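Everything on this sheet refers to the single structure shown next.
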Amino acid sequence: MPAAGTGRRFGQALPKQYADVSGRAVIEWALDPFLADARCAGVVVVLAEGDPLWPQVASRLPHAAVAAISTVTGGSERCRSVHNGLLALGGRAAGQDWVLVHDAARPCVAARDLDLLLESVGQHPVGGLLAAPAAETLKRAAEDRQIIETVDRCGLWRAQTPQMFRYGLLCDALGRSLAADRLPTDEAQALEWLGQRPLIVQGSSSNIKVTTADDLLVAGALLGARTRARATGAPE
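Position 148, counted from 1, in the sequence shown is what my numbering calls 354; the numbers after and before it change by one each time, with no gaps.
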């Protein structure tokens with residue numbers, strides 16, 4: 207789980223992964239479905255050097271959850287942080303083991319979507335990711351924000367996380383990208399550059415990424431509704 211970002215676009219005093227949503231940090235919500243899943247053998251959280259906030263979060267987690275988490279220092283870009291996290295698994299993960307990469311700023315991934323990803327990708331030769339179909343009309347604009355064209359959204363998807371790949375293949379893909387000074391914006395792109403074709407698994411559009419302060423309001427509403435549904439036994 208890459209969590210080394212400073213959240214320059216977030217515009218708040220705290221990095222977005224530590225912002226409060228319904229009484230908990232964003233990263234606490236993001237960790238929840240993995241810590242609760244017996245199929246998850248462990249979690250590596252990738253932090254900024256000298257991160258003073260993670261110990262506060264860790265102190266609120268159950269002891270068993272803390273025992274399952276290890277931490278490592280991240281890099282200057284997300285892809286470098288992910289690579290550092292993967293290298294930290296050396297000696298623990300075999301080349302054919304599945305690893306999932308999930309953004310610390312995505313607090314709303316549902317357990318049912320995680321199940322769907324694992325079931326859909328488990329037999330795929332490459333791996334895959336959750337994504338949502340592009341629903342809005344897409345415009346391409348110039349630097350002055352005047353429209354150049356309307357983009358056909360047919361076949362376009364908004365990539366999400368988790369993204370799920372074999373450990374050895376993902377390490378190789380990211381290692382080659384970084385060695386060539388190419389910075390993929392997600393793990394799937396690094397695999398695409400090797401000629402691989404990851405599988406898209408349609409997830410919920412509620413799996414939002416917190417990028418701005420407004421996103422916190424949306425995440426809070428989604429998580430509040432999910433918590434109430436769980437308390438009453440209603441479908442989430």
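The beta-carbon is built from N, C-alpha and C at its ideal position, and this holds for glycine as well.
Values in this document were obtained by computation on a predicted structure and should not be read as measured data.
Use the C-beta contact count for residue i: other C-beta atoms within 10 angstroms, 16 or more gives buried, fewer gives exposed.
i	result
residue 234	buried
residue 309	buried
residue 325	exposed
residue 360	exposed
residue 298	exposed
residue 248	exposed
residue 221	buried
residue 289	buried
residue 332	buried
residue 414	buried
residue 318	exposed
residue 372	buried
residue 255	exposed
residue 211	buried
residue 344	exposed
Give me the DSSP bridge partner(s) of residue i.
i	result
residue 282	Partner(s): none; residue 282 has no beta bridge.
residue 226	231
residue 209	253
residue 417	None; residue 417 has no bridge partner.
residue 276	250
residue 433	Paired residues: none, contrary to the question.
residue 357	344
Taking 8 angstroms as the cut-off, decide whether the C-beta atoms of residue i and residue j are in contact.
i	j	result
residue 405	residue 379	no
residue 367	residue 312	yes
residue 239	residue 291	no
residue 201	residue 280	The requested residue 201 is not part of the displayed model; the chain covers only 207 to 442.
residue 416	residue 242	no
residue 164	residue 340	The chain is shown only over 207 to 442; residue 164 falls outside these bounds and no answer can be derived.
residue 335	residue 407	yes
residue 374	residue 301	yes
residue 276	residue 338	no
residue 383	residue 246	no
residue 429	residue 227	yes
residue 355	residue 346	yes
residue 305	residue 376	yes
Can you tell me whether DSSP reads residue i as helix, strand or coil?
i	result
residue 296	strand
residue 261	helix
residue 368	strand
residue 411	coil
residue 220	coil
residue 306	strand
Any heavy atom of the ligand SAM within a distance shorter than 7 angstroms of the CB on residue i?
i	result
residue 417	Although the ligand SAM was asked about, the structure shown includes no ligands whatsoever.
Q: Write down every uninterrupted run of the alpha helix (DSSP H) in the region 371-404 whose length is 4 residues or greater and which is fully enclosed by it, in chain order.
A: For the region 371-404, whole alpha helix (DSSP H) runs of length 4 or above, ordered along the chain, are 373-385 and 393-398.
Q) Quick one: complete beta strand (DSSP E) runs, 3+ long, within the region 314-349? A) 333-339 and 344-347
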